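To start, the structure itself, in structure tokens.
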Amino acid sequence: MITLKNVYKSFDGNEVLKDISTSFEPGKTNLIIGRSGSGKTVLLKSILGLFEVDRGEIWYNDRDFTKISEKERKFLRKEIGMVFQGGALFDSINVEGNVRFPLDMFTEMSSAEKNKRVEFCLDHVNIEKQAFKLSPSEISGGMQKRVAIARAIALNPKYLFCDEPNSGLDPETATVIDKLIQALTKEFQMTTIINTHDMNSVIEIGESVLFISKGHKEWVGTKHEILDSGNQKLDDFIFANKLYAQMKGK
Amino acid sequence: MGFFFHIGRYFALLKRVFAKPEKHKMYFRQLFHEIDSLGVNSVWIVVIISVFIGGIMTIQFAYSMSNPIYPRDLIGFGTRDTLILEFSSTMLALIMAGKMGSNITSEIGTMRVTEQIDSLEIMGVNSASYLILPKIVAVVLIFPFLFIMSVFFGILGGLFTGPLAGVVTVPEFIQGLKFAFVPYYITFSIIKSLVFGFLVASVPAYFGYYVQGGALEVGKASTKAVVNTNILVLFFDLILTRLLLT
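The listed protein sequences correspond, in order, to chains R and A.
Under the UniProt record's numbering, the first residue of the first sequence carries the number 1, and numbering increases by one thereafter.
Under the UniProt record's numbering, the first residue of the second sequence carries the number 1, and numbering increases by one thereafter.
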């Protein structure tokens, strides 16, 4: 469980996050939605500690991330997996090497054990063996995202963060990625937080949805409640997305 | 103010670079990779430049000493000392700042803008140390070897070009090479190489690590890194020459 209490963050006097309080439950796909520039990525990076918050608390179960030492943070980060918008795979090593990297860095596993774990993770995200030795630039965008997911789960994390995991992908591949993240969340009982502005993802996997606008928390609920939220800003956001989806359909 | 900001941030980065590594084995693996990619891949360019500069220097010395009052042995002597004292340490560092420096900035800068550095940080890896420390150690280790190679091939270039151009004979050139040799010059230049190696790796790494934006900014950072490294190399050359040679 991740809990935020009255989180504020500003850049050069411009307040980007204003009094955000919410919680993200384990075993569920928790979505953060909002327009571009609404503060989704800043919120995600603040939870991860890539940005220091101005005020507020960020609790990972019983540990307040804003108060713990750098050493404790490093230890906690080993329990975190992250899938970046662009995949952020290491260019200099191949697919297999990318998934093996956290194992090499943080475990004392034997080479055979590491091979087994790499194979297990890549198999879980449906990457075929022929692609193991390819470099990230030689595989498609969808495959890069899947390899990034495999790398993120290599150390068996308790928390999984995904920043726009299906951006730049065709709708079919996007759905595959969404479903994959949901399945892994259930299987490994992780606390998963996904940043997205894609309503398809909300409909597919929005078990818990946080809508933010201009840095404010506007609404929290599930995909089943989203159409009856009574929140004008959220309705506008959904309507704009529907329009976009209709246009794409044409 | 900007100048002091960069100085402060550079030293803050160095503090993170020299932190205790998470896993020594991974750093050693990275070190050997850097020795290969930055060092071994620079050998040919060092050989080619040194042979040509050695040859050119010999011919130019011959022209400036065309007066019969000067013994022709001085051509070999001048070529040797110029190579040892300035070309193979300082000039080579300036050339390597262009080759290795731009490579280091663009590599680390691209990792920054494609969020690979953030990815390392989230895993709990000290990205500054993991990415920069092996590069600094590799460049500092290989610079003295490149210096020795450069002196050797520069002299070889002079030895071939001088007699070929008819400005000096082989025995005269060799006699000049042996004349008034001061071993301390080698020590002095190796000390310079170590300092320059540190600058050539750490300054471009700094510019790459803090790049913000996209491909365009990475390119601009590479240019800035090379210019600033060159200025610092010349500045430290002046200081070290004053401190160690006079």
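We put the beta carbon where it would ideally sit given N, CA and C, even for glycine.
As the structure is a computational prediction, the values presented were derived from the model and not from experiment.
- Residue-level contact check: R/A152 does not touch chain A, since none of the beta carbons of chain A fall below 7 Å from its beta carbon.
- At a cut-off of 7 Å between C-beta atoms, R/A88 counts as an interface residue with respect to chain A.
- Beyond the five residues adjoining it in sequence on each side, A/T169 comes within less than 7 Å, by CB distance, of P163 in the same chain, given in chain order.
- Classified as exposed, A/V43 has fewer than 16 neighbouring CB atoms from the shown chains inside 10 Å of its CB.
- At a cut-off of 7 Å between C-beta atoms, R/M105 counts as an interface residue with respect to chain A.
- R/I205 sits buried, since 16 or more C-beta atoms from the chains shown fall within 10 Å of its C-beta.
- Its Cα nearest to that of A/P204, the residue A/L133 stands out among A/L133, A/F152 and A/I174.
- In the DSSP assignment, the residues bridged to R/W59 are R/T3 and R/D64.
- In this model, R/K186 and R/V202 are separated by some 17 Å (Cα to Cα).
- If you ignore the 5 residues before and after R/D54, its C-beta comes within less than 8 Å of the C-beta of Y8, K9 and S10, all in its own chain and listed in chain order.
- Contact annotation: R/E52 and R/K5 have beta-carbon atoms that are not nearer than 7 Å.
- Here R/V176 is not near R/A150, since their CB atoms are 7 Å or more apart.
- Around A/L92, the same chain offers V46, L146, F147 and S150 as residues with beta carbons nearer than 7 Å, after the five sequence neighbours per side are excluded.
- Among the residues facing chain A, R/L48 is included, as its CB has a counterpart in that chain under 7 Å away.
- In this model, R/N98 and R/R73 are separated by some 23 Å (Cα to Cα).
- The Cβ of A/Q116 sits closer than 7 Å to at least one Cβ of chain R.
- Rounded to whole angstroms, R/S167 and R/L210 show a C-alpha spacing of 19 Å.
- Around A/E34, no beta-carbon contact reaches into chain R at under 7 Å, the shortest distance being about 11 Å.
- Look at the segment 74-136 of chain R and you find these whole runs of beta strand (DSSP E), each 3 residues long or longer: 80-83.
- Of the residues R/V16, R/G13 and R/E25, the one whose Cα lies closest to the Cα of R/L160 is R/E25.
- The three-state reading of DSSP puts R/K28 in coil, since its state is none of H, G, I, E or B.
- Contact note: A/V140 does not reach chain R at a C-beta cutoff of 7 Å; the least C-beta distance is about 22 Å.
- Take R/G221, set aside five residues on each side of it, and the residues of its chain with a beta-carbon closer than 7 Å to its own are V209 and S229, in chain order.
- Chain-ordered, the chain A residues with CB closer than 9 Å to the CB of R/I80 read I122, M123 and G124.
- Proximity of R/F65 to chain A, defined by a Cβ-Cβ separation below 7 Å, is not satisfied.
- Interface annotation, A/K15: not in contact with chain R, CB-CB separation never under 7 Å.
- Using beta-carbon distances, R/R77 counts as an interface residue toward chain A, with a partner under 7 Å.
- Against chain R, the CB of A/S129 has no partner CB under 7 Å away; the residue lies outside that interface.
- In this structure, DSSP gives R/V53 a state outside helix and strand, which the three-state scheme calls coil.
- Beta-bridge annotation (DSSP): R/T22 is paired with R/L4.
- Assignment of A/N228 by DSSP, reduced to helix, strand and coil, places it in the helix class.
- For A/Y210, there is no enclosing beta strand (DSSP E), as DSSP marks it with neither H nor E.
- Boundaries of the alpha helix (DSSP H) harbouring A/T82: D73 to T82, taken from the DSSP string.
- Closer than 7 Å to the CB of A/K23 there is at least one CB belonging to chain R.
- Taking a cut-off of 8 Å on C-beta distances, the segment 103-116 of chain R does not touch the segment 132-139 of chain R, as fewer than three cross pairs fall below it.
- Residues of chain R whose Cβ lies closer than 7 Å to the Cβ of A/S119 are, in chain order, M82, F84 and A88.
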